[in-house]
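Trainee: Below is the structure I would like to discuss, written out as structure tokens.
Protein chains: 2
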Amino acid sequence: MAKENTSVYIILGLLNHEDLSGYDIKKRADFMISSFWEIGYGQIYPTLSKLEQEGLVTKRVSEETKGPERNLYSITEAGREVLIQWLKLPEQKEYTKYEILLKLFFGQLVPREDSAKRIDAFKARHTENLKMIEMFKGNLERVLGKEQDHLFFYITVLFGERIYKAYLDWADEALKLLGDAGEQSGE
Amino acid sequence: MAKENTSVYIILGLLNHEDLSGYDIKKRADFMISSFWEIGYGQIYPTLSKLEQEGLVTKRVSEETKGPERNLYSITEAGREVLIQWLKLPEQKEYTKYEILLKLFFGQLVPREDSAKRIDAFKARHTENLKMIEMFKGNLERVLGKEQDHLFFYITVLFGERIYKAYLDWADEALKLLGDAGEQSGE
DNA sequence: CACATCTATATCAAAATGATATACCTGATT
DNA sequence: AATCAGGTATATCATTTTGATATAGATGTG
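Protein chains in written order, with our numbering: chain D, 2 to 188; chain E, 2 to 188.
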């Protein structure tokens with residue numbers, strides 16, 4: 002199983018829906034998929050060039066008068082084919098990186114208060130994320146009855162909801178454990 | 002905020018507890034932290050060399066007679082200092098990569114059955130992971146009353162438990178949605 | 001005694017991260 | 001009218017990470 006450039010498929014997938022510039026792709030990705038995959042300009046622009054060279058996308062300069070110049074990309078038939086082939090394969094990549102858990106894991110070396118503060122900040126961060134995703138969810142539910150177009154988007158939003166809720170539940174549990182143990186040891 | 006080589010701190014953190022070889026580090030990391038951070042030989046060996054050059058660890062050849070030759074590394078006082086400084090800073094890195102969600106997100110392009118199969122496989126995978134983590138949890142709970150040494154390890158295990166449970170709950174919810182929508186549209 | 005598996009170190013190309021550079025546009029403030 | 005913050009847009013780069021491969025001796029087993 003060779004190393005796969007996943008950015009390729011994210012870009013093709015988004016372009017399959019509509020023509021976009023690199024900047025647009027970043028915005029769409031941040032909005033729709035950032036809770037389970039993040040992508041930066043450092044991947045987007047070089048990948049777009051590579052895809053253009055391979056004939057999987059075509060580039061044209063947007064003829065809008067106002068605003069800076071935009072390079073608009075469209076997916077080609079060959080690109081759509083590559084995307085569909087990828088979609089048929091089983092997924093390979095799945096991993097998470099939580100620096101907070103590393104710092105907690107090695108947390109014996111610092112005052113317990115530091116760990117508690119860390120978890121508080123984590124909670125605050127993900128309380129916001131949950132709020133955001135609940136908003137998405139509400140909006141999607143309003144349109145989901147009529148057209149099932151957004152069903153897959155909805156399913157990914159549900160994933161985010163579950164995960165953020167799990168984060169918050171864990172944070173409370175961890176804080177309680179830290180507090181209890183702290184009291185016992187007189188901290 | 003410069004780019005930080007997180008592998009450095011994982012290695013220092015593990016060496017702070019006991020002397021280890023690169024191979025040992027990989028095993029310890031796979032066992033204890035892989036549910037929230039994965040590390041490969043491609044990071045371990047070069048990072049150990051770098052740490053040795055910087056005087057944060059020292060290397061000696063293990064004098065065991067049996068088995069292949071082992072390079073055993075120990076943390077130095079300077080290394081411990083670097084580790085503690087890192088532990089005091091707020092965490093930066095937190096991200097997740099779920100290729101399955103990308104494939105579901107773009108799932109309109111393939112038969113719905115493919116998406117359902119994907120989720121089934123995901124469920125099976127994480128049912129196993131949950132089993133494993135429940136075993137850890139049980140073992141830890143048996144020792145946690147006497148000594149609070151493993152409290153931080155326990156807290157990271159609880160995180161894994163919450164996450165895996167969230168995965169499974171989501172998978173059931175998603176399968177139900179796919180099934181319902183499939184029936185409605187006659188698939 | 002052949003074979004698979006485990007221990008152990010090491011390296012490398014490709015991909016991703018995260019930061020920075022550049023520059024023009026828009027709208028609000030002084 | 002000038003200034004300034006913030007948004008739009010493209011691009012590049014060093015560092016880090018990924019994921020695979022190479023090598024080789026040790027150990028267990030059928």
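From the three backbone atoms N, C-alpha and C, an ideal C-beta is built for every residue, glycine too.
In this structure, does DSSP put ILE164 (chain D) in helix, strand or coil?
Mentor: Correct three-state label for ILE164 (chain D): helix.
Trainee: Any Cβ of chain E within less than 8 Å of the Cβ of GLY180 (chain D)?
Mentor: With 8 Å as the cut-off, GLY180 (chain D) does not count as an interface residue toward chain E.
Trainee: Is the Cβ of ASP25 (chain E) closer than 8 Å to any Cβ of chain D?
Mentor: Not closer than 8 Å to any Cβ of chain D, the Cβ of ASP25 (chain E) fails to qualify, so no.
Trainee: With which residues is SER75 (chain D) paired in a DSSP beta bridge?
Mentor: Note: SER75 (chain D) sits in a beta bridge opposite D:THR59.
Trainee: Which residue wins for smallest C-alpha separation from ARG113 (chain E), given the options D:LEU16, D:LYS118, D:LYS4, D:LYS89?
Mentor: Ranking D:LEU16, D:LYS118, D:LYS4, D:LYS89 by Cα distance to ARG113 (chain E) puts D:LYS89 first.
Trainee: Sorted by chain position, which residues of the same chain lie with C-beta nearer than 8 Å to TYR96 (chain D)'s C-beta, five sequence neighbours on each side aside?
Mentor: For TYR96 (chain D), where only same-chain residues beyond five positions count, there are no Cβ hits under 8 Å.
Trainee: Could you compute how far the alpha carbon of ILE156 (chain D) sits from the alpha carbon of PHE106 (chain E)?
Mentor: The straight-line gap from Cα to Cα measures roughly 8 Å.
Trainee: Does LEU21 (chain D) get closer than 8 Å to chain E when you measure Cβ to Cβ?
Mentor: Judged by the 8 Å Cβ criterion, LEU21 (chain D) is not in contact with chain E.
Trainee: Does the structure place the region 31-43 of chain E close enough to the region 160-172 of chain E that three or more beta carbon pairs sit under 8 Å?
Mentor: At 8 Å Cβ cutoff, the stretches touch.
Trainee: Taking a Cβ distance cut-off of 8 Å, strictly less, list which residues of the region 153-179 of chain E are near chain D, in chain order.
Mentor: Within the region 153-179 of chain E, the qualifying residues are PHE153, PHE154, TYR155, ILE156, THR157, LEU159, PHE160, ARG163, ILE164, LYS166, ALA167, TYR168, ASP170, TRP171, GLU174, ALA175, LEU178, LEU179.
Trainee: Find the residues of chain D that neighbour THR7 (chain E), judging by a C-beta separation of less than 9 Å, and give them in chain order.
Mentor: Those are LYS98, GLU100, LEU103, listed as they occur along chain D.
Trainee: Under 8 Å between beta-carbons, which chain D residues line up against ILE34 (chain E)? List them in chain order, please.
Mentor: Chain D residues near ILE34 (chain E): LEU102, LEU103, PHE106.
Trainee: Which residues share a DSSP beta bridge with TYR99 (chain E)?
Mentor: In the DSSP output, where bridge partners are listed per residue, TYR99 (chain E) has D:GLU95.
Trainee: Return the first residue and the last residue of the alpha helix (DSSP H) that HIS151 (chain D) is part of.
Mentor: Segment: none, HIS151 (chain D) is in no alpha helix (DSSP H) and carries neither H nor E.
Trainee: Mind listing, in chain order, the continuous alpha helix (DSSP H) runs of no fewer than 4 residues lying wholly within the region 100-125 of chain E?
Mentor: Taking only runs of at least 4 residues, the alpha helix (DSSP H) segments lying wholly in the region 100-125 of chain E are 100-106.
Trainee: Starting from ILE45 (chain E), trace the alpha helix (DSSP H) in both directions and tell me its first and last residue.
Mentor: Counting along the chain, the alpha helix (DSSP H) containing ILE45 (chain E) begins and ends at 42-54.
Trainee: Where do the ends of the alpha helix (DSSP H) carrying GLU20 (chain D) lie?
Mentor: A small fix is needed here, since residue 20 (chain D) is Asp in this sequence, not Glu. Run containing ASP20 (chain D): none; DSSP gives neither H nor E here.
Trainee: If you drop the 5 nearest sequence neighbours on each side, which residues of the same chain put their C-beta closer than 8 Å to that of THR59 (chain E)?
Mentor: Within the same chain, THR59 (chain E) has close Cβ partners GLU53, TYR74, SER75, THR77.
Trainee: Rounded to a whole number of angstroms, what is the C-alpha to C-alpha distance between LYS147 (chain D) and GLU5 (chain D)?
Mentor: In a straight line, the C-alpha of LYS147 (chain D) is about 37 Å away from that of GLU5 (chain D).
Trainee: Under a CB-based cut-off of 8 Å, is LYS4 (chain E) close to chain D?
Mentor: Not one chain D Cβ lies under 8 Å of LYS4 (chain E).
Trainee: Between which residues of its own chain and ARG81 (chain D) is the CB-CB distance below 7 Å, once the five residues before and five after are set aside?
Mentor: The residues are ASN17.
Trainee: I think LEU110 (chain E) touches ILE101 (chain D), with their Cβ atoms under 8 Å apart; what is that distance to the nearest whole Å?
Mentor: At roughly 36 Å, the Cβ-Cβ gap does not stay under 8 Å, so LEU110 (chain E) and ILE101 (chain D) are not in contact.
Trainee: Under 8 Å between the Cβ atoms of LEU103 (chain E) and LEU178 (chain D)?
Mentor: Contact flag unset, no.
Trainee: Can you tell me whether ASN140 (chain D) is helix, strand or coil according to DSSP?
Mentor: It is helical.
Trainee: Closer than 9 Å between beta carbons: that is the criterion. Which residues of the region 72-100 of chain E meet it against chain D?
Mentor: Per Cβ criterion, the list reads ARG81, LEU84, ILE85, TRP87, LEU88, LYS89, LEU90, PRO91, GLU92, GLN93, LYS94, GLU95, TYR96, THR97, LYS98, TYR99, GLU100.
Trainee: Closer than 8 Å by C-beta to GLU70 (chain D): which residues in its own chain qualify, once you throw out the five before and the five after it? Chain order, please.
Mentor: Excluding sequence neighbours, GLU70 (chain D) sits near VAL62, SER63.
Trainee: Quick check on this structure: which residue in D:PHE32, D:SER116, D:LEU49 has the alpha carbon closest to the alpha carbon of ILE12 (chain D)?
Mentor: Comparing Cα-Cα distances from ILE12 (chain D) to each of D:PHE32, D:SER116, D:LEU49, the minimum goes to D:LEU49.
Trainee: Report, in whole angstroms, the separation of the C-beta atoms of ILE164 (chain E) and ALA167 (chain D), which I expect to be a contact under 8 Å.
Mentor: ILE164 (chain E) to ALA167 (chain D), Cβ: 6 Å. Contact.
Trainee: How about ILE11 (chain D): is its C-beta nearer than 8 Å to some C-beta of chain E?
Mentor: ILE11 (chain D) counts as touching chain E.
Trainee: Once DSSP output is grouped into helix, strand and coil, what is the label at GLU129 (chain E)?
Mentor: Here GLU129 (chain E) sits in helix by DSSP.
Trainee: CA-CA distance, ASN130 (chain D) and GLY180 (chain D)?
Mentor: Taking the straight line joining both Cα atoms gives about 25 Å.
Trainee: How would you list, in chain order, the residues of chain E whose beta-carbon sits under 9 Å from the beta-carbon of ALA30 (chain D)?
Mentor: Chain E residues near ALA30 (chain D): none, gap ~10 Å exceeds 9 Å.
Trainee: Comparing C-alpha positions only, which one of D:TYR42, D:GLY108, D:GLY56, D:ALA79 sits nearest to ASP1 (chain E)?
Mentor: Shown here, chain E extends from 2 to 188; a query on residue 1 (chain E) therefore has no answer.
Trainee: Would you mind stating whether PHE154 (chain D) and LEU141 (chain D) have Cβ atoms separated by less than 8 Å?
Mentor: Cβ atoms of PHE154 (chain D) and LEU141 (chain D): closer than 8 Å.
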